[in-house]
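Trainee: Here the sequence shown stands for residues 3 to 650, where the numbers follow the numbering used here. Don't be surprised by glycine CBs; every beta carbon is placed ideally from N, CA and C. All values reported here derive from a predicted model rather than from experimental measurement. Let me give you the structure first, and then I'll get to my questions.
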Amino acid sequence: MPVEVLKSPASVSVIDGAAIKKTAPVSVAKLISDVPGLQVSGNGIDRIAIRGEGASRVAVLIDGQKLTDHTNYGQPLLIDPGSIDRIEVVRGSSSVISGSQAIGGVVNIITKKGAEKPFGLTTQAGYMSATDGYRLSATASGTVEAGAGALDYRLTAGSMSQGDRKSADGLVTPSDTSDNTVSAHLGYRTGQHYFGLKLLSYDLSANVFADNPDFIIQMPKRDMRRLGVFYEGENLTPWLRKLSFDAYRQTVDRSFRNDITMYPAGIMHLHVESTSEDAQLTYGANLRAEMQFSENSRTYAGIEFTDDSLTTDKYSRTTVRFRGAPFPISDVTTLRYDEATIRTTSVFAQHEISLNDALTATFGARWYHVEASHDVASTNGVARAPTGNRDDQGLVSAGLVWSPDESLVLRANISQGYIYPSLSQLFLNTTAGGTAIAGNPDLDPERATTFEIGARYDAGGALIDATLFHTRAKDYIASVQTDPVTRARQYMNLEEAKSWGLELHAEYALPDLGLTPYITATALRRKITYANGFSTRDSGMPDLSGRIGLRKSWSLGAAEGEFDFFLRAASGTVMRGADGLVAARDANASKINRSAGYGTLNLHTTAEFGNGTAMVLELNNLTDRSYESWDYVPGEERSVNIFLTKTF
């Protein structure tokens with residue numbers, strides 16, 4: 003339900019246009035990387051983890067319309083930063099309002115509409131020294147009178163290319179990436195009604211760093227085409243405050259290549275080559291209404307529908323030979339073709355009621371009906387029997403907000419999350435890291451419940467937002483070894499996890515000095531229980547992470563801006579497996595799943611020159627610290643990001 007952040011019962015962070023302008027728009031993930039509870043995986047394609055839950059357990063939306071993904075890696079952020087008006091981040095289980103996938107949280111990206119004047123042109127150019135990369139974009143936008151209403155428009159084109167990352171220890175090869183985007187918006191407002199049309203074309207390619215020349219992961223194509231239509235009406239009746247409808251069509255074309263060479267027992271040469279060509283087609287529609295039947299209550303309700311279809315064409319070849327031998331002792335090629343579909347219908351409602359002048363209660367519920375089918379399946383030209391899966395599930399949420407005045411809010415919230423298995427997990431046979439993984443049509447959905455208490459304070463130059471949370475998740479889907487000889491695996495509902503922690507953002511403005519000290523921090527503990535009953539708190543996520551710094555406003559003649567000097571840091575990580583051991587990394591057995599803690603000093607500045615020209619300059623890792631992030635990717639060396647924006 004729409005509500006200001008200060009008085010929301012949930013853990014919400016909003017990165018608005020002003021905050022976006024202060025950050026070099028290297029990527030969407032960078033814009034939200036310092037939100038409490040978030041961790042960014044920047045290996046190949048940027049993805050987001052929230053409260054220890056990986057990208058496959060985080061919902062990503064564009065203008066309230068969900069992006070769906072059926073790979074094993076989770077949904078990437080497929081949009082150009084220059085198209086973004088603001089980003090809303092919900093931390094914690096949020097499937098009652100935000101739909102499936104929202105066990106860890108939600109990232110909702112709101113795109114820009116037309117500028118207020120009839121025509122405006124904005125150009126932006128940036129350089130990133132750590133990758134010898136660039137990002138360019140140009141936007142034409144405006145609003146003109148048209149009949150009885152006003153027509154607004156926006157057209158954006160952008161391109162980005164980054165080479166291999168340079169770390170303090172040398173070149174990180176391969177780690178290059180590039181994207182190209184074209185987006186358009188057309189809207190028409192007349193009276194209480196607004197109609198919109200949005201188009202997005204986004205092409206992405208990337209190579210994944212594996213720290214092993216014999217372990218190659220390439221993603222040469224991940225192209226998305228998206229068409230959405232929107233309607234919003236306000237104050238249509240005395241009780242119907244807002245009515246919105248949207249529908250969309252989305253296609254995603256993916257290419258994936260994995261090439262692995264291993265040397266079992268030291269005398270064997272095992273080579274596995276696999277490719278996958280995937281085509282995904284999604285249709286979706288959402289109807290939402292905000293109603294007010296009394297002065298002290300509001301009701302928000304809606305219905306959502308998505309139809310996801312996936313076609314995959316996979317190739318794998320496995321050869322085994324003695325090292326140095328000219329001929330293999332085994333050479334097996336497998337061709338697989340699959341077509342599968344998921345259809346999801348859900349209805350939800352949330353009711354807010356003011357119990358008195360200071361206390362507000364919120365209650366919500368959602369019902370899911372999901373049907374999945376494996377329509378066509380063949381292996382080496384031989385058809386396999388079709389299979390299916392379905393689920394009906396109800397979820398609830400409840401919250402209390404106590405606000406004795408306009409500056410203080412105390413809140414408590416309980417909410418549930420739900421993730422239906424992906425088509426890959428249900429039906430497909432895939433190859434990852436040289437290992438075959440079979441789908442399982444009998445999988446159950448993953449579920450989670452989050453409990454939170456929090457406090458917000460905003461007065462007298464002080465801003466504090468603190469949250470204590472606890473999440474219980476069960477029926478986690480994981481791949482389990484089913485054959486010790488071939489190392490074949492299958493997806494099963496086995497694991498569960500418990501997470502608890504503290505998220506904090508605090509700052510205090512000293513206007514006479516133009517200074518603002520601040521801190522953004524996350525303390526996270528996570529306990530994973532494997533199928534064999536073994537439990538560990540070594541989950542692969544840092545226990546402590548955050549940013550502490552000092553901002554200083556400045557002005558010189560017509561120019562003004564802000565300096566930001568800060569330390570970004572994280573504690574070390576350890577990932578312990580079901581056997582209780584810290585295993586070797588999948589791609590490089592000479593290293594284990596452990597990373598050391600680190601801290602980097604950084605200096606960022608912004609400048610507005612008063613003639614439509616703005617600059618963002620970032621000096622990163624000033625001490626040239628050598629470190630690895632939580633996903634075992636070497637961090638950038640001492641580097642510079644500089645972006646210039648000109649608005650006409």
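Quick check on this structure: which residue in T437, D394 and I521 has the alpha carbon closest to the alpha carbon of T263?
Mentor: That would be T437, whose Cα lies nearest to the Cα of T263.
Trainee: Could you tell me the alpha carbon to alpha carbon distance between V576 and S597, rounded to whole angstroms?
Mentor: For V576 and S597, the distance between alpha carbons rounds to 7 Å.
Trainee: Apart from the five residues just before and just after L506, which ones in its own chain have a Cβ nearer than 6 Å to its Cβ?
Mentor: So the qualifying residues of the chain are A468 and A523.
Trainee: If we call anything under 8 Å between Cβ atoms a contact, is N351 one with V398?
Mentor: The amino acid occupying residue 351 in the given sequence is Ala; Asn does not appear at that position. Cβ distance not < 8 Å, so A351 and V398 don't count as in contact.
Trainee: Expressed to the nearest angstrom, what Euclidean distance is found between the alpha-carbon atoms of S95 and Q294?
Mentor: S95 and Q294: Cα-Cα distance of roughly 26 Å.
Trainee: For chain B, check one thing: does any of its Cβ atoms lie closer than 8 Å to the Cβ of G189?
Mentor: Among the chains of the structure shown, chain B does not appear; only one protein chain is present.
Trainee: For T433 and S426, which I take to be in contact (beta-carbon distance under 8 Å), what is that distance rounded to the nearest angstrom?
Mentor: 12 Å between Cβ atoms; not a contact.
Trainee: By Cβ distance, which residues of its chain are closer than 6 Å to T706, with the 5 residues on each side in sequence left out?
Mentor: Because the chain here runs from 3 to 650, residue 706 falls outside it and cannot be looked at.
Trainee: Taking the beta strand (DSSP E) that Q352 belongs to, which residues open and close that run?
Mentor: That run of the beta strand (DSSP E) goes S332 to S356.
Trainee: Please work out which residues of its chain come closer than 6 Å, Cβ to Cβ, to Y129, disregarding the five sequence neighbours upstream and downstream, and give them in chain order.
Mentor: Here the set comprises Y136 and I644.
Trainee: Taking 7 Å as the cut-off, is the beta-carbon of L79 closer than that to any non-hydrogen atom of the ligand FAD?
Mentor: With respect to the ligand FAD, the structure shown offers nothing to examine, as it has no ligands at all.
Trainee: Would you mind giving the Cβ-Cβ distance between W502 and R527, rounded to the nearest angstrom? I have them listed as a contact below 8 Å.
Mentor: W502 to R527, Cβ: 6 Å. Contact.
Trainee: Drop a sphere of 10 angstroms on the beta-carbon of D310, count the other beta-carbons inside from all chains shown, and report buried for 16 or more, exposed for fewer.
Mentor: Buried, since its Cβ has 16 or more Cβ neighbours within 10 Å.
Trainee: Quick check on this structure: which residue in G441, H271, R93 and F217 has the alpha carbon closest to the alpha carbon of R587?
Mentor: When each option's Cα is compared against that of R587, the closest is F217.
Trainee: For D626, which residues from the same chain have a beta carbon less than 8 Å from its beta carbon, with the 5 sequence-adjacent residues on both sides left out?
Mentor: Cβ within range, chain order: A170, E639 and R640.
Trainee: Nearest to S43 by CA position, among G19, L79 and D18, is which residue?
Mentor: Among G19, L79 and D18, the Cα nearest to that of S43 is on L79.
Trainee: Would you report the Cα separation of Y634 and A249, rounded to the nearest angstrom?
Mentor: Near 39 Å, if we compare the C-alpha coordinates of A249 and Y634.
Trainee: Quick one: residues in its chain with C-beta nearer than 6 Å to the C-beta of A490, no 5 flanking neighbours on either side, listed in chain order?
Mentor: Counting only Cβ-Cβ distances below 6 Å, and skipping sequence neighbours, we find A438 and T484.
Trainee: Hey, quick one: how far does the beta strand (DSSP E) through L63 stretch, first residue to last?
Mentor: Segment V60 to I64, the beta strand (DSSP E) holding L63.
Trainee: Whose C-alpha, out of E234, Y317, N604 and N534, is nearest the C-alpha of F567?
Mentor: Nearest of E234, Y317, N604 and N534 to F567, Cα basis: N604.
Trainee: When you compare only the Cα positions, how much space is there between Q395 and K316?
Mentor: Cα-Cα distance, rounded: 33 Å.
Trainee: Give the single residue among K648, P636, L583 and W632 whose Cα lies nearest to the Cα of G614.
Mentor: G614 has its Cα closest to that of K648, out of K648, P636, L583 and W632.
Trainee: Count the other CB atoms within 10 Å of the CB of D340; is the residue buried (16 or more) or exposed (fewer)?
Mentor: Under this definition D340 is a buried residue.
Trainee: At which residues does the beta strand (DSSP E) containing F365 begin and terminate?
Mentor: L361 to T381 is the span of the beta strand (DSSP E), which, as asked, contains F365.
Trainee: Using the DSSP secondary-structure output, state which residues sit across from A12 in a beta bridge.
Mentor: Looking at the DSSP assignment, A12 forms no beta bridge with any residue, so it has no partner.
Trainee: Looking at A12 and S573, is the spacing between their C-beta atoms short of 8 Å?
Mentor: Contact: no.
Trainee: So, for Q194: in the same chain, excluding its five sequence neighbours on each side, which residues have a beta-carbon less than 7 Å away from its beta-carbon?
Mentor: Taken in chain order, the residues that qualify are G235, E236, N237 and L238.
Trainee: Just the Cα atoms here: how many angstroms apart are K476 and L138?
Mentor: Cα-Cα distance, rounded: 44 Å.
Trainee: Could you tell me whether the segment 101-118 touches the segment 404-420, where touching means 3 or more Cβ pairs closer than 8 Å?
Mentor: Touching, per the Cβ criterion.
Trainee: Find the nearest neighbour of L445 within the set R413, R458, T538 and A480, judged by alpha-carbon distance.
Mentor: If we check each option's Cα against that of L445, A480 comes out closest.
Trainee: Quick one: grab the DSSP three-state call for S296.
Mentor: If DSSP states are grouped into helix, strand and coil, S296 belongs with the strands.
Trainee: Please name the residue or residues paired with V645 in a DSSP beta bridge.
Mentor: Rather than Val, the amino acid found at residue 645 in this sequence is Phe. Its beta-bridge partners are G128 and V618.
Trainee: Can you name, in chain order, every residue of its own chain whose Cβ lies under 6 Å from the Cβ of I47, other than the five neighbours on each side?
Mentor: Cβ within range, chain order: P78 and A208.
Trainee: Determine the DSSP secondary structure at S426, reduced to helix, strand or coil.
Mentor: Of the three classes helix, strand and coil, the one that applies to S426 here is helix, per DSSP.
Trainee: To which residues of the same chain is A132 closer than 7 Å at the C-beta, ignoring the five residues directly before and after it?
Mentor: Excluding positions up to five away in sequence, the list reads R167, K168, E638, E639 and S641.
Trainee: Under 8 Å between the Cβ atoms of V174 and P636?
Mentor: Yes, they are a contact pair.
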